[in-house]
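K.L.:
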């Protein structure tokens, strides 16, 4: 239990904030890891074209770095959400609502799927054309 100067417990609030930051880091990392390959594919599928889309492939050498960073955030986020002892929330607070955990879990699962899709695009992308 971490007590502040006024004697309140900040560990529960810190854990809730940490879950959100880890999920956000995983989402940002997933978008960066997929910007080189899945981004242009999605844009072209939606009918958006232009010469600037080819510039996104310049991020290809950085894909493994972004993927490792994203997987680190996602792994830490999954550990915080699924394997840590749940914190006690005050009734009526945001963390007491089930939607707060649902949003974090959805963000973690979506970013994991996006990173895995970016890492395996060489296997499944030829099936689309």
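Residue numbers (my numbering): 62 to 190.
The beta-carbon is built from N, C-alpha and C at its ideal position, and this holds for glycine as well.
(1) Whose CA, out of 163, 185 and 99, lies closest to the CA of residue 80?
(2) How should residue 188 be labelled, buried or exposed, when 16 other C-beta atoms within 10 angstroms of its C-beta is the threshold for buried?
(3) Please go through the same chain and pick out, in chain order, the residues whose beta-carbon is closer than 7 Å to the beta-carbon of residue 111, but skip the five residues on each side of it.
(4) Go ahead and label residue 84 buried or exposed: buried means 16 or more other beta carbons lie within 10 angstroms of its beta carbon, across all protein chains shown.
(5) Do residue 168 and residue 128 have their beta-carbon atoms positioned less than 8 Å apart in this structure?
P.N.:
In terms of the structure at hand:
(1) For this step, residue 80 is matched to residue 19 along the chain shown. Out of 163, 185 and 99, 163 has the C-alpha closest to the C-alpha of residue 80.
(2) In the chain shown, residue 188 corresponds to position 127, counting from 1. Burial call: exposed.
(3) In the chain shown, counting from the first residue as 1, residue 111 sits at position 50. Same-chain partners within the cutoff: there are none.
(4) Translated into positions along the chain shown, residue 84 becomes position 23. Buried, since its Cβ has 16 or more Cβ neighbours within 10 Å.
(5) On the chain shown, residue 128 is found 67 positions in, with the first residue counted as 1. On the chain shown, residue 168 is found 107 positions in, with the first residue counted as 1. Result no, Cβ atoms of residue 128 and residue 168 do not sit closer than 8 Å.
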